């Protein structure tokens, strides 16, 4: 019997057609079930993926947050060196000015040996200011040789601080984005995560706030220091000239 | 900032994972065994023996990969596979062709997987079933195609001839210096199989690229995308 006639005969066999139909339905159901199992697996894979990303970021944030207080403590010392460098230069300028005044027959003003104008530059309400005062009072009166590059050291310190903050910001954003993704996928509700998100954003804001005042302070101090350097140069030049 | 997306998976992901697992096993074996052989040249008997076993294993992994791919894909595309197998036997064996219509899916998957076993006639059957089931061929490109078929040819020399190459094997192996002249006595030339590390590297690259190309295609194929 050829293919065509077999086919015709099969088509006229309702029992066979029914059997095949039932089998196809069973197959379709099986495929449907397997499809949902695989999709659940895919969803689980995505969860594992985001969990692992989140954990990596959290671990880094945790490590940074743990080392931050100690690292921030160095800020006092770093800025203190800059203040002392400024103070030394200022004292040198006053001495030169006094020599010039004496040569011109003018009265020598009282030696400026106070940190008041410098401390006024600090944000008054910052606890750091008090710590800085305390640190400065403990430092030796004579300038240490390394104070010369105090500003360079401060720049390096600030660059590291800003780098750490950038890394922290990046990881916090990853964590927040993952939280959004979890909400989008319906794994958590807004109610579950809003307090956490708010806290994370608040913490990030606080940490970022630790670098900005220092940057402002350092920039302002450096500008004053450079102005003093010019003044010293000018004073030295005038003093080098023969007395009138 | 964009988060790295979770890995894209497809319905036949298990096949890719399985092949990668087999490669990992091979890598681990090679790391331990090759240095221990202390072979001073590629002609070292023990090294050749080891490379021959690697050829056998890699061939097994390749065949296993294709069989799983075809078998699992057939479960998702039963109708296409039925039509394909029926058309193949329509003229030669109408009863067999007819049987595919009533064949349960599990059995159909096993029958479809048998299409992989033969790499004869330029892997004609394998290419045909791939055309039905996938948007890509079994090999990444012509180069990978040639290297994978060399692997099969070398495997056949080892399996069926105990590793002794003959003149008749020359056309089947396209890679240079795999079948080399052993000696010439009078008008008779004798050959031997010489598997180089370079050949093995080429084969591994071809396998890796082919598996990756199939995986990429499956991720884009709406029939298998999750």
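Chains as they are written, first to last, in the numbering used here: chain A, 46 to 289; chain B, -6 to 219.
Every residue gets a Cβ at the ideal spot worked out from N, C-alpha and C, and that includes glycine.
Remember, predicted model here, so these are calculated numbers, not experimental data.
Closest residue to residue i among the options (Cα-Cα distance)
| i | options | result |
| --- | --- | --- |
| residue 269 of chain A | A:70, A:75 and A:129 | A:129 |
| residue 40 of chain A | A:143, A:210 and A:206 | Not covered by the structure: residue 40 of chain A. The range shown for chain A is 46 to 289. |
| residue 169 of chain B | B:161, B:186, B:180 and B:176 | B:186 |
| residue 215 of chain B | B:-4, B:1 and B:-5 | B:1 |
| residue 292 of chain A | A:224, A:72 and A:234 | Residue 292 of chain A lies beyond the residue range present for chain A, which begins at 46 and ends at 289; the question has no answer from this structure. |
| residue 133 of chain B | B:199, B:59 and B:22 | B:199 |
| residue 215 of chain A | A:66, A:99 and A:64 | A:99 |
| residue 200 of chain A | A:145, A:126 and A:252 | A:126 |
| residue 92 of chain A | B:182, B:34 and B:-3 | B:-3 |
| residue 77 of chain B | B:33, B:122, B:97 and B:85 | B:122 |
| residue 99 of chain B | B:11, B:65 and B:162 | B:65 |
| residue 13 of chain B | B:31, B:51 and B:28 | B:51 |
| residue 122 of chain A | A:278, A:259, A:275 and A:277 | A:259 |
| residue 58 of chain A | B:58, B:183 and B:95 | B:95 |
| residue 194 of chain A | A:271, A:247, A:101 and A:82 | A:271 |
| residue 84 of chain B | A:49, A:68 and A:89 | A:49 |
| residue 244 of chain A | A:230, A:114 and A:217 | A:217 |
| residue -1 of chain B | A:230, A:266 and A:147 | A:230 |
| residue 72 of chain A | B:97, B:24, B:11 and B:22 | B:97 |
| residue 160 of chain B | B:29, B:183, B:139 and B:153 | B:183 |
| residue 195 of chain B | B:152, B:176, B:165 and B:139 | B:139 |
| residue 175 of chain B | B:120, B:158, B:166 and B:154 | B:158 |
| residue 114 of chain B | B:33, B:34 and B:165 | B:165 |
| residue 72 of chain B | B:59, B:93 and B:152 | B:93 |
8 Å contact criterion, which residue i and residue j should meet: CB distance rounded
| i | j | result |
| --- | --- | --- |
| residue 105 of chain A | residue 256 of chain A | Contact doesn't hold; Cβ gap of about 18 Å is too wide. |
| residue 263 of chain A | residue 203 of chain A | 6 Å |
| residue 41 of chain B | residue 188 of chain B | 6 Å |
| residue 126 of chain B | residue 63 of chain B | 6 Å |
| residue 212 of chain B | residue 3 of chain B | 5 Å |
| residue 9 of chain B | residue 208 of chain B | 5 Å |
| residue 156 of chain B | residue 6 of chain B | Rounded, the Cβ-Cβ distance is 36 Å, inconsistent with contact. |
| residue 129 of chain B | residue 210 of chain B | 4 Å |
| residue 97 of chain A | residue 219 of chain A | Contact flag wrong, Cβ pair sits at about 12 Å. |
| residue 51 of chain A | residue 103 of chain B | That pair is no contact at about 24 Å. |
Contact under 8 Å by Cβ, residue i with residue j
| i | j | result |
| --- | --- | --- |
| residue 74 of chain B | residue 80 of chain B | no |
| residue 134 of chain A | residue 273 of chain A | yes |
| residue 76 of chain A | residue 61 of chain B | no |
| residue 145 of chain B | residue 112 of chain B | yes |
| residue 55 of chain A | residue 61 of chain A | yes |
| residue 172 of chain B | residue 163 of chain B | yes |
| residue 87 of chain B | residue 203 of chain B | no |
| residue 141 of chain B | residue 55 of chain B | yes |
| residue 118 of chain B | residue 108 of chain B | yes |
| residue 221 of chain A | residue 198 of chain A | no |
| residue 101 of chain B | residue 83 of chain A | no |
| residue 43 of chain B | residue 26 of chain B | yes |
| residue 139 of chain A | residue 277 of chain A | no |
| residue 36 of chain B | residue 30 of chain B | no |
| residue 209 of chain A | residue 124 of chain A | no |
| residue 120 of chain A | residue 196 of chain A | no |
Cross-chain neighbours of residue i in chain B, by beta carbon under 8 Å
| i | result |
| --- | --- |
| residue 202 of chain A | Here the premise fails: no neighbours, minimum Cβ distance about 27 Å. |
| residue 98 of chain A | -4 and -3 |
Listed by chain order, chain A residues near residue i by CB distance under 9 Å
| i | result |
| --- | --- |
| residue 91 of chain B | 48, 51, 52 and 55 |
Partners in chain B for residue i, counting only beta-carbon separations shorter than 9 Å
| i | result |
| --- | --- |
| residue 91 of chain A | -2, -1 and 0 |
| residue 94 of chain A | -3, -2, -1 and 0 |
Contacts of residue i in chain A (Cβ-Cβ under 7 Å)
| i | result |
| --- | --- |
| residue 69 of chain B | 76 |
| residue 94 of chain B | 65 |
Beta-carbon neighbours of residue i, restricted to chain B and to distances below 7 Å
| i | result |
| --- | --- |
| residue 68 of chain A | 97 |
| residue 84 of chain A | 219 |
| residue 87 of chain A | 2 and 219 |
| residue 226 of chain A | -4 |
| residue 72 of chain A | 71 and 98 |
Min CB distance residue i to chain E below 8 Å
| i | result |
| --- | --- |
| residue 87 of chain B | This model lacks chain E altogether, as its protein chains are A and B. |
- Task: Jot down the residue ranges of each uninterrupted alpha helix (DSSP H) in the stretch 0 to 51 of chain B, minimum 4 residues, whole runs only, in chain order.
- Result: Contiguous alpha helix (DSSP H) elements confined to the stretch 0 to 51 of chain B occur at 6 to 30, taking only those with 4 or more residues.
- Let me know the alpha helix (DSSP H) ranges lying completely inside the stretch 69 to 96 of chain A, each 4 residues or longer, listed in chain order. Listed in chain order, there is nothing to give.
- Item | Contiguous alpha helix (DSSP H) assignments of at least 4 residues, all confined to the stretch 104 to 192 of chain B | The DSSP assignment places 113 to 126 and 135 to 154 as complete runs of the alpha helix (DSSP H) inside the stretch 104 to 192 of chain B, in order along the chain (cut-off: 4 residues).
- Please specify which runs of the alpha helix (DSSP H), each continuous and at least 4 residues long, are wholly inside the stretch 242 to 279 of chain A, giving them in chain order. Fully enclosed alpha helix (DSSP H) runs of no fewer than 4 residues are not present anywhere in the stretch 242 to 279 of chain A.
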